Amino acid sequence: MRSKQYFVTGVRRIEVSEQQLNECKEPWILIEAYKWLRKVMEKEAYSMAEGTVSDVLTDLFMYHIGGIGLAAAEDFAIQTLEWLIDQKVMSRSDDGDLNVPEEYDRGYRARLAQVKAAQLDISTAKLSSSQKQSINFVVDLRCDSWSAAIPDDVHSRVSPAVRAVQNATFELIQTEMIYIDSLRALLIDFRDVLVKSDKMGRPIVDDAVQFTNAVSHNTEEVLTLHEKYLYTPLLERQREAYVISGVGDILLEWIRLAIDPYLRHAEGLGPASEISETERRHNSRYSQFYSDFQSAHSAANVLSIMTRLLRYPLFIMRILEGIAKLGSELEIDYSAEKRYLERAHGRITQLAKAFQSRYGSSQRQYVLNDLRKAILFSGKVPKVELGLNSRTREVLNNGSVEIDSRRLPMNMILLDNYLLITKRDFISGSLRYDVAYSPIPIDLLMLVSQDDKPLTATFNRQSFATINSGATVSADELKSFANSDDSGDDRRIWPFRIKHLGRQGCVYQIFVATEGDRKQWCAAILKAISKRFSSQSKSFALEVVSDADFAYRQRHLKGSVADLYVSSPESVVDKALKAVKKTPFPSPIGKHATCSAFFYLDEIDATNVESKMINSEQYKDRKPYVMIGCKSGLFLSYGYCGSWFCVLKIDHVKQIKVLPEYGIAIILADKSLFAYSLEALFAQDTVKNRTEISQQSRLTRLLSLGQLSTDDSSGLQPIGDSRHFDWFTVGIHQQRTIIVAHERDTASDLRVFEPIAGKCPTFTAYDYSNVLEDPHERRMRIANLRNSDLYGFTAERIGQDLVREMEPILLNCACLGATIVSNMIILHTEKGFQALIYPAMTIASLPQLVTSDPVSSSQLSRQRPLGFFHVSENFYLLCYSTLCISCDAYGYISRQIVINFTGHAKAVAVIAPYVIGFDNDFIEVRLIQTGALVNIISGTDVTLIGSQTYSGEGGNIAYSNPCGLTGEDVVVRMAHPLENGRQAIFKLKRNVEATY
2 MRSKQYFVTG
12 VRRIEVSEQQ
22 LNECKEPWIL
32 IEAYKWLRKV
42 MEKEAYSMAE
52 GTVSDVLTDL
62 FMYHIGGIGL
72 AAAEDFAIQT
82 LEWLIDQKVM
92 SRSDDGDLNV
102 PEEYDRGYRA
112 RLAQVKAAQL
122 DISTAKLSSS
132 QKQSINFVVD
142 LRCDSWSAAI
152 PDDVHSRVSP
162 AVRAVQNATF
172 ELIQTEMIYI
182 DSLRALLIDF
192 RDVLVKSDKM
202 GRPIVDDAVQ
212 FTNAVSHNTE
222 EVLTLHEKYL
232 YTPLLERQRE
242 AYVISGVGDI
252 LLEWIRLAID
262 PYLRHAEGLG
272 PASEISETER
282 RHNSRYSQFY
292 SDFQSAHSAA
302 NVLSIMTRLL
312 RYPLFIMRIL
322 EGIAKLGSEL
332 EIDYSAEKRY
342 LERAHGRITQ
352 LAKAFQSRYG
362 SSQRQYVLND
372 LRKAILFSGK
382 VPKVELGLNS
392 RTREVLNNGS
402 VEIDSRRLPM
412 NMILLDNYLL
422 ITKRDFISGS
432 LRYDVAYSPI
442 PIDLLMLVSQ
452 DDKPLTATFN
462 RQSFATINSG
472 ATVSADELKS
482 FANSDDSGDD
492 RRIWPFRIKH
502 LGRQGCVYQI
512 FVATEGDRKQ
522 WCAAILKAIS
532 KRFSSQSKSF
542 ALEVVSDADF
552 AYRQRHLKGS
562 VADLYVSSPE
572 SVVDKALKAV
582 KKTPFPSPIG
592 KHATCSAFFY
602 LDEIDATNVE
612 SKMINSEQYK
622 DRKPYVMIGC
632 KSGLFLSYGY
642 CGSWFCVLKI
652 DHVKQIKVLP
662 EYGIAIILAD
672 KSLFAYSLEA
682 LFAQDTVKNR
692 TEISQQSRLT
702 RLLSLGQLST
712 DDSSGLQPIG
722 DSRHFDWFTV
732 GIHQQRTIIV
742 AHERDTASDL
752 RVFEPIAGKC
762 PTFTAYDYSN
772 VLEDPHERRM
782 RIANLRNSDL
792 YGFTAERIGQ
802 DLVREMEPIL
812 LNCACLGATI
822 VSNMIILHTE
832 KGFQALIYPA
842 MTIASLPQLV
852 TSDPVSSSQL
862 SRQRPLGFFH
872 VSENFYLLCY
882 STLCISCDAY
892 GYISRQIVIN
902 FTGHAKAVAV
912 IAPYVIGFDN
922 DFIEVRLIQT
932 GALVNIISGT
942 DVTLIGSQTY
952 SGEGGNIAYS
962 NPCGLTGEDV
972 VVRMAHPLEN
982 GRQAIFKLKR
992 NVEATY
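Residue numbers (our numbering): 2 to 997.
Shown next, in the form of structure tokens:
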């Protein structure tokens, strides 16, 4: 005995068998229907979705009441449920479920007694259609409209509004007749003729049975469905009266049965349309046969069923619009018809969406299956997994192109995950694509230009470039293709450029035959990039620090940043800039930003530290002060994208690092090292209550009063006596903050300095050797020694020394950078990483390699060391220009996993659990534990200019802010994508903090 299944949730089902339906003998007696329904709901803890309960009750009525029909049964089910809810023997929860109370609930039996006395009025519904008086009113469906098909006296008796409803209904029935004829033609005059020609020995196509089965698919099943459940009932309804009372119930019954056949047809329609089109291109006899068939049956084609399905909602809307215009003067009661049509419209619309989705998927899969057979990796190009088996994979474009200045004839295939440049060839009559260049991942694809001037030349387009990848071509057809005169525009070719980012990448100049081809290719590439951006795991976002306030120097514009990429609207950079919307762009305030730093005023004021540490959460939403160093000075702004003020006119600022616990900034400018007192910057401010005035207006006021000078060097102190420093780094070594600076062309390669908090008289040797390990207590100690006043900065210490020099470090090799860790200094040298025990001056190379390690010494010798990270206990990460490895506390490789960068990193940073590499063209984010690529942020002239972690261009910072108010500050500069010659500066943020 068959049972019917109902969805309870998106996964579970319940089943109601015929035996269960027989258990309720008289459902029109409400108490019987209620008891039966309660028994069904018992298995689901007396709670079920309202839609499921309604469906179960509908089938109960249809099973016991002959001729009631789906629409009427649904009405009775809805009325029954509403009545039961009104009687409080059933309740509706907030989430849409229906519940029945327990039998022992208070007042339940009294309410149940009221139900026993009620009965559903279904006397008319019990009549079957055979019991009704049948009156045939013949309407000629060949007429142009309903008005033209009925007698004049009938037409004159109905109002214009009713005529509109009847005309729309007539068109639905009339077009259904045409549709039925077209499906019959597809079977009789198309399928049967092809099969018959094969049997008679004059085949139009090879293996006609297999071909017609693929092209026709389940057309016969769909035809039977429409003839039995839609077209015939519509004709019968039309013959009952000239003025039709409604067709909504018929449509509801039909759509209930149509879902599965239509979805099966959608799955086969994609291959059917591709097979038919391929055969037409390659088989002249079939092409002529198909043209003759179309001439005789214009409405019949492979896509007829899909086209018809999409038209039903339009017919229903026209009928509903006519009913809505009837107003209060109704000649016929259309209230029930309106409900039926609205339900039918919703269900048909859902089916149409599901149909289109399956059709698109099946079509893609057929094309991808052929493409999978056609793509070859026969040369030196390494094979990659293209994912052509994926149901979501998509071919965005495919066609003939010419590559580079030699104009090599190629074929380019754009998938949604790779771009392939291939050579076309025919092997055993089948078209093959031999991959000629390294496949370009969409993550690493950039459109460089899309509007280059056309060149005067001839593009020899080959027609078979558009042949389906899995098709077979005869020798005669190949000859005709070779002699084809279809060469597009024989005077001009249209170029555009793309770039493959990364170490293996390069710029390709692509030529196509027409301007339309170029637009199509560029649009497809941007679509692929946008799709990839939207599907990426966006672990990081960008927040704009400066939008076009800084400009490039003229010599840089002639170099690597002359070409800007064509931006994609879904890119991380574009989204960040859209959030700012700073137009028009102001005049640049500085040239060539090189470094940055952030600080909060509360961090610099070293008083009341305990309160700041405990309540640091309240500062989370504050805006920081931002410092940007460039070739013409040092600029300060409150918050991101604020007004910029030049606070120091000093040439060639290369590095800046703020030490908030000491109230100073370390600046490398014009090969000299300086300590800049941030207290001096704000010393003249006598405002005690800083909460009463905004920080931005405070800067503006100080500048206007001359208290914040644009050439104020009173707080600037030289560090050391050299003018040959080329980089410095800051860190905490043995619980003490130190500054290590590299001095070029001298015997002492590295000089070491320590901030001394203004050389307070009470600052003794005890404080140097016994500084507390707890950062909070350490900072409290320094704050007490500095003896600052409670609300502002004192100017008494501005002229005092800010740092003292310690013992220098002598090296015998070039040092590219350094990282300061708790008990040693990690040197980045030409030989790799070297661990220096300071001040003992003993050196050991890192890592300590053995033969089983995943990398060799020769491999590491070709790498530039960039950063040394203490990720966790006994886990250190060594980062080079193209890879990262891990080691333990003894310097031995601790894991076999090697993180390989796609690009050639100029700098690295770590924000656990991610390691971030900065290539000239993009930022790549990878997981430290697995090395998996998380996301890529592309741009032009990408440069790390500020980091609380590490940089590979001398700015190797391992300084930990004791306040914890600033920490993971990674600032990057790149060419502005919308304004040539300008620089955009961004802060890299975790995506949960993003402003868009």
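Just so you know, even glycine gets a beta-carbon here, dropped at the ideal spot from N, CA and C.
Here the structure is a predicted model, which means the values were calculated and not measured.
If we count the other Cβ atoms within 10 Å of its Cβ and call it buried at 16 or more, is residue i buried or exposed?
i: Q897; result: exposed
i: K988; result: buried
i: E478; result: Caution applies to E478, whose pLDDT of 37 falls short of 50 and renders its modelled position unreliable; the value that the coordinates give is listed next. By the neighbour-count rule (16 or more Cβ atoms within 10 Å), E478 is buried.
i: H725; result: exposed
i: I468; result: For I468, the predicted model reports a pLDDT of 35, less than 50, meaning its position is unreliable and no value from the coordinates is stated.
i: P383; result: exposed
i: S970; result: The sequence as given places Asp at residue 970; Ser does not occur at that position. By the 10 Å Cβ count, D970 comes out buried.
i: S183; result: buried
i: P661; result: buried
i: L224; result: buried
i: S296; result: exposed
i: I838; result: exposed
i: V210; result: exposed
i: S572; result: buried
i: M842; result: exposed
Are residue i and residue j closer than 8 Å when you measure CB to CB?
i: A549; j: R991; result: no
i: L828; j: L879; result: no
i: A906; j: S939; result: no
i: Q364; j: E275; result: yes
i: E395; j: D371; result: no
i: V166; j: G323; result: yes
i: F902; j: G918; result: yes
i: C631; j: K592; result: yes
i: R286; j: I189; result: no
i: Q505; j: S439; result: yes
i: I530; j: L446; result: yes
i: V909; j: I929; result: no
i: V546; j: V654; result: no
i: I179; j: A375; result: no
i: P1005; j: Y601; result: Given that the chain is displayed from residue 2 to residue 997, the structure contains no residue 1005 and the question cannot be resolved.
i: M63; j: A74; result: yes
i: P410; j: A353; result: no
i: I590; j: F636; result: yes
i: L850; j: S859; result: no
i: L82; j: S48; result: no
Once you ignore the five residues that flank residue i on each side, which residues in its own chain have a CB closer than 6 Å to its CB?
i: L803; result: I665, A676 and Q718
i: P855; result: Q897 and V899
i: Q21; result: none
i: F171; result: W147
So, under 8 Å CB-CB, residue i and residue j are touching, yes? Tell me the CB distance rounded to an integer number of Å.
i: H501; j: I441; result: 5 Å
i: V943; j: D920; result: 7 Å
i: L253; j: R192; result: About 31 Å; that fails the 8 Å criterion.
Excluding sequence positions up to five away, which residues of its chain have a Cβ less than 7 Å from the Cβ of residue i?
i: S148; result: H156, R164 and N168
i: L226; result: L258, A259 and P262
i: R238; result: I245, V248 and I251
Could you pull out every residue in the same chain whose Cβ sits closer than 8 Å to the Cβ of residue i, ignoring the five residues on either side in sequence?
i: E980; result: A549 and F586
Give me whichever residues DSSP pairs with residue i in a beta bridge.
i: L751; result: H743 and I810
i: N936; result: V926
i: Y915; result: I912 and L928
i: C885; result: C880 and I900
i: K592; result: A552
i: T350; result: According to DSSP, T350 bridges with nothing at all.
i: D435; result: L377 and K424
Check whether the Cβ of residue i lies closer than 8 Å to any Cβ atom in chain D.
i: G892; result: No chain D appears in the structure shown, which is made up of a single protein chain.
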